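**Q**
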Amino acid sequence: MLTKLFINGKWEDAASGKTFPTINPATTEVIAQIAEGGTEDIDRAVKTARVALDGPWGKMNASERGRIIWKMGERMLERADEIARLETMDNGKTITESSKIDVPYAADLYFYYGGAATKLEGHTIPVNGPYFNYTLREPLGVVGLIVPWNFPLLLASRKVAAALAAGNTLILKPAAQTPLTALMLAEIGMEAGLPPGVLNVVPGHGSTAGAALVKHPDVDGIALTGGTNTGQQLMRDGAATVKKMHLELGGKSPNIVFADADLEAAAKMALMGIFYNKGEVCTAGSRLLVEKSIYDGFMEKVVDRAKKMQPADPMDPKARLGPLVSETQLANVKKYVEIGEKEGARLLVGGRQPEPMPGKGYFYQPTIFDNVQPNATIAQEEIFGPVLATLTFQDGDELLKIANGTMYGLASAIWTKDIKKAHRLAKALKAGTVWINTYNNYDAAMPYGGYKMSGFGRESGMEAFEFYTQSKSVWVDLS
Ligand code: NAD
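Residue numbers (the working numbering): 869 to 1347.
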């Protein structure tokens, strides 16, 4: 198993010699001891990334770069079973999700960006005077990528594939809870032909390895997917070196069900919206907003389905809900359930660990609250677990106030058969993604990101290059 730092194409111990354990959340057993990167290791990785940028990678044709990126997608599919098993072991997500969603979608990102590498163009600008002006689209440079534990391979790949296509060299810092598939990604890059130093992977903790990357004066930019408070800390730490940043942060997304919706489909997807990946999803539909006139009947459908959805061993192909990622995350979910009850919300289902437990791990039942007030803690704060807050609304104005009434603006969904109403609302919602009669769709080509305190910048699609490239204006005197 890959357990070391990957720097300059070689597997290395940390300079400090330290390691940290990565744990299987279904069993609580240690899977492996991982080399713990620190300031010195980050510095070594940055230096090697700079050399690679000025050297073979910077000089390579875009078409050749594109072929290597494409090959990474192919290698990923060839090794799909192995990667999916490792992801499930490290994160606790079900093997069905790892193998049917995370791995194929991650591979697709390499196919999309492999093709995109040759499509990055500058412009000619009609300036005043006898001058010719054109722009060059250049890589940002040495870029630090910091990713969370909920979709370890997928969220790393969203950044890695786009950043490589733009010609950058990288230091990837995975979350300490889930370093394994990021290390495998380093191996896949090597197998596909990335020159040494182009993709360095340095596992470690946020406050040490992560902070060292953000503060490093020779890092040109940082792309983070993480919590909003982490994003705020990064902005403070990056200020001294005016670090360019792309921040994908938290969410508290409204999933809105109107009386005229296909209620069977809406009920099914309300569950998928909140319980997919155990609710550890930044776009989780964690606030279910239901029109008052259909409330009781609709909630019956939702609760019936939730009762049938019990946590199970995530390696079982029939499992629909695995354990939470860590003991800390389990404690966090328990804390919010207590707060919900204390603040007067009514527990409709769940609210505790399953009995009997499917294993020793961090399992928690799908949990649904109703009678939640719009300003209640569980309707405002991101829980990042299988806990749904249900609210009601009566008319359009009230709905919009509730739907837009948090500090977040990551995603939202609307269920209705009235197409005009759906498009009107899609425009009025303050969120980076709006789904109409569906939930949690993603595509390598779809720009994705947050409004408000859910962050700034977009990843996926061609919009990702706004962060991963910079443009240079060139003036030529023609007089
Ligand atoms: P986190 O913010 O604690 O950690 C994310 C990453 O940042 C980790 O690699 C961590 O080590 C690193 N980090 C933490 N502190 C740091 C610091 N001071 N300097 C540098 N790096 C630091 O988040 P998490 O608990 O791993 O993940 C959950 C959060 O991520 C949730 O808030 C969730 O909404 C968010 N998230 C957002 C998206 C999105 O696309 N918007 C996707 C998934 C998760």
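Glycine included, every Cβ here is placed at the ideal spot set by N, Cα and C. All of these numbers come straight from a predicted model, not from anything done at the bench.
To the nearest angstrom, report how far apart N1386 and S1194 are at their CA atoms.
**A** Since the first and last residues shown for the chain are 869 and 1347, residue 1386 lies out of range.
**Q** Shorter than 8 Å, the distance from the beta carbon of I875 to the closest heavy atom of the ligand NAD, or not?
**A** Because no heavy atom of the ligand NAD lies under 8 Å away, the Cβ of I875 does not count as near it: no.
**Q** Under a Cβ-count criterion, where at least 16 other Cβ atoms within 10 Å of its own Cβ denotes burial, should E1148 be classed as buried or exposed?
**A** By the 10 Å Cβ count, E1148 comes out buried.
**Q** Let's test the definition: count the other Cβ atoms within 10 Å of the Cβ of K1160 and tell me whether it reaches 16, buried, or not, exposed.
**A** Exposed, by the Cβ-count rule.
**Q** Using only the heavy atoms of the ligand NAD, determine whether one of them is closer than 8 Å to the beta carbon of L1117.
**A** Result yes, Cβ under 8 Å from the ligand NAD.
**Q** Kindly examine the ligand NAD and report whether one of its heavy atoms sits closer than 8 Å to the Cβ of P1042.
**A** Indeed, a heavy atom of the ligand NAD lies less than 8 Å from the Cβ.
**Q** Buried or exposed: where does H1291 fall if 16 or more other Cβ atoms within 10 Å of its Cβ makes it buried?
**A** When all chains shown are included, H1291 counts as exposed.
**Q** Please tell me whether V1087 and G1035 are closer than 9 Å, where the distance is taken between their beta carbons.
**A** No, they are not a contact pair.
**Q** Out of curiosity, what's the CA-to-CA distance linking S1351 and S884?
**A** In this structure the chain extends from 869 to 1347, so residue 1351 is not present and cannot be described.
**Q** Of all the beta strand (DSSP E) runs that stay within the bounds of the segment 1046 to 1125, which reach a length of 3 or more residues?
**A** Here the runs fully enclosed are 1067 to 1069, 1089 to 1093, 1112 to 1116 and 1122 to 1125.
**Q** What residues in its chain sit with their C-beta under 8 Å from that of M1140, if we drop five residues either side in the sequence?
**A** The answer, listed in chain order, is Y1307 and N1308.
**Q** Inspect the beta-carbon positions of A917 and G1229 and report whether they are closer than 9 Å.
**A** In this structure, G1229 does not lie closer than 9 Å to A917 by Cβ.
**Q** Shorter than 8 Å, the distance from the beta carbon of F1166 to the closest heavy atom of the ligand ATP, or not?
**A** Among the ligands in the structure shown, the ligand ATP does not appear; only the ligand NAD can be found there.
**Q** Please return the same chain residues whose Cβ sits closer than 6 Å to the Cβ of G1219, not counting the five positions on each side in sequence.
**A** Counting only Cβ-Cβ distances below 6 Å, and skipping sequence neighbours, we find V1205 and T1235.
**Q** Taking A930 as the reference, give the member of T986, L954, F979 and A900 with the closest Cα.
**A** The residue with the shortest Cα to Cα distance from A930 is T986.
**Q** For the 8 Å Cβ check, are there 3 or more pairs between the segment 995 to 1012 and the segment 1330 to 1342?
**A** Yes: at least three Cβ pairs fall under 8 Å.
**Q** Please find out if some non-hydrogen atom of the ligand NAD comes closer than 8 Å to the beta-carbon of I1014.
**A** It does: the Cβ of I1014 is within 8 Å (strictly closer) of some heavy atom of the ligand NAD.
**Q** My understanding is that G1072 touches G877, with C-beta atoms under 8 Å, so please give their C-beta distance in whole angstroms.
**A** Not quite, the Cβ-Cβ distance comes to about 19 Å (not below 8 Å), so this is no contact.
**Q** Quick check: what's the CA-CA separation for A1296 versus K1269?
**A** For A1296 and K1269, the distance between alpha carbons rounds to 10 Å.
**Q** Near E1211, which residues of its chain fall below 8 Å by C-beta distance, leaving aside the five closest residues on each side in sequence?
**A** Hits under 8 Å: Q1241, A1244, T1245 and I1246.
**Q** Could you check the C-alpha separation between N964 and Y999 for me, to the nearest Å?
**A** The question names Asn, yet the displayed sequence has Thr at residue 964. About 59 Å.
**Q** Can you find at least 3 beta carbon pairs, one from the segment 970 to 979 and one from the segment 1019 to 1036, that sit closer than 8 Å?
**A** As far as the Cβ criterion goes, the segment 970 to 979 touches the segment 1019 to 1036, which means the pair count is three or higher.
**Q** Could you pull the DSSP bridge partners for F1000 from this structure?
**A** Bridge partners of F1000: V1344.
**Q** Report yes or no: do the segment 1264 to 1282 and the segment 1113 to 1128 share at least 3 C-beta pairs separated by less than 8 Å?
**A** Verdict: yes, contact present.
**Q** Please classify S1161: does DSSP put it in a helix, a strand, or coil?
**A** Note: S1161 maps to helix in three-state DSSP.
**Q** Going straight from the alpha carbon of D1128 to that of G990, what length do you get?
**A** Approximately 48 Å, taken between the alpha carbons.
**Q** Ends of the beta strand (DSSP E) at I936?
**A** Note, I936: premise wrong, no beta strand (DSSP E); alpha helix (DSSP H) at A930 to E946.
**Q** Excluding the 5 residues flanking M1314 on each side, which residues of the same chain have their C-beta closer than 7 Å to its C-beta?
**A** Result list for M1314: S1328 and G1329, in chain order.
**Q** If you draw a straight line from the C-alpha of I1090 to the C-alpha of T1151, how long is it?
**A** Straight-line Cα distance between these residues: approximately 22 Å.
**Q** With distances taken from CA atoms, which of I899, G997, I875 and E950 is nearest L1379?
**A** Any property of residue 1379 remains undetermined from this structure, which presents the chain solely from 869 to 1347.
**Q** Quick check on the burial criterion: 16 or more other C-beta atoms within 10 angstroms. Buried or exposed for N1097?
**A** It is exposed - the Cβ of N1097 has fewer than 16 other Cβ atoms within 10 Å.
**Q** Going by C-alpha to C-alpha distance, which of G1095, F1019, Q1197 and T1046 sits closest to L870?
**A** Of the listed residues, the one whose Cα sits closest to L870 is T1046.
**Q** For R1173, name the three-state secondary structure that DSSP assigns.
**A** R1173 falls in the helix class under three-state DSSP.
**Q** What do you get for W1017, buried or exposed, if any count of 16 or more other CB atoms within 10 angstroms of its CB means buried?
**A** Per the 10 Å Cβ criterion, buried.
**Q** What residues in its chain sit with their C-beta under 8 Å from that of V1342, if we drop five residues either side in the sequence?
**A** Counting only Cβ-Cβ distances below 8 Å, and skipping sequence neighbours, we find N1001, Y1002, T1003 and L1004.
**Q** Can you name the start and end residues of the alpha helix (DSSP H) that P1020 belongs to?
**A** Its alpha helix (DSSP H) spans residues P1020 to A1033.
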